[in-house]
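One structure is given here, and the rest of the page talks about it.
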Amino acid sequence: MASILKTDKIEGVTSSGTVQMPAGMIIQTVQTVSRTTVSSSSSSYVEASTNFRCSITPKFSNSKLLITATLGMTAYNNASDDCSAYSKLYDVTNSADIANSETPVREIDYGNDGNMFSNSVPTILLVDFQNANQHTITWYYKKSAAITVFVNDDHRLTQIMLQEIAQ
């Protein structure tokens, strides 16, 4: 015989009145997807676009933040020059880089013809929430050895997915 449990409300049993979630459970997911094309010739980090920002407010103070993000990046350079650029995730709320997210992309010119690359830069990180407030994450990028760096050129897309994970 099958059992059916129906309820209108579940009240928490912890001292704060919340329900204890099992460790590893996804509490919430938010995502930003954009095909906005932007470019920069800066050798210092700049925000790719405010269209790429993704925000999440943790429901529990001890949760972890799982970041799954992809940046569609293209760069080019003239004859006999290598081509390289960097990207990183940035926590706008706390004015801080996301640790271990900086990624270089490089194309080496062996034929003196100049070059171009067009790559998707994926990043997956599990980090601590800095505090219990809303967090806004975005992409920053810069050229290293390139004339211009484009984001979302060549039919690429940029996305950031944030997931709160119970601990």
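First residue of the sequence shown: 10, per my numbering; consecutive thereafter. For every residue, glycine included, the Cβ atom is placed at its ideal position computed from N, Cα and C. Since the model is a prediction, treat every value here as computed from it, not as a measurement.
Separation of Y95 and I13 (C-alpha to C-alpha, rounded to the nearest whole angstrom) is 54 angstroms. The stretch 146-164 and the stretch 49-66 touch, with no fewer than 3 CB-CB distances between them shorter than 8 angstroms. Between K18 and the set V28, A11, M10, the nearest pair of CA atoms involves V28. Close CB contacts of G81 within its chain, under the 7 angstroms cut and outside five residues either way in sequence, are with S129, V160, N161, R165, L166, T167 (chain order). Inter-residue distance for C92 and A32 is about 44 angstroms (C-alpha atoms, whole angstroms). Counting along the chain, A94 sits inside the beta strand (DSSP E) bounded by residues 92-100. With fewer than 16 other Cβ atoms inside 10 Å of its own Cβ, S53 counts as exposed. Rounded to the nearest whole angstrom, the C-alpha separation of I133 and Q172 is 11 angstroms.
DSSP places T59 in the helix class (H, G or I) of the three-state scheme. Under the three-state reduction of DSSP, S127 is assigned to strand. The C-alpha of I35 is placed about 16 angstroms away from the C-alpha of S64. The Cβ atoms of N142 and T66 lie closer than 8 angstroms to each other. With a threshold of 16 other beta carbon atoms within 10 Å, T59 falls short and is exposed.
Bridge partners of S49 according to DSSP: V158.
Between K97 and T79 a beta carbon distance of about 13 angstroms is seen, past the 8 angstroms cut, so the two are scored as non-contacting. In the DSSP assignment, the residues bridged to V39 are L171.
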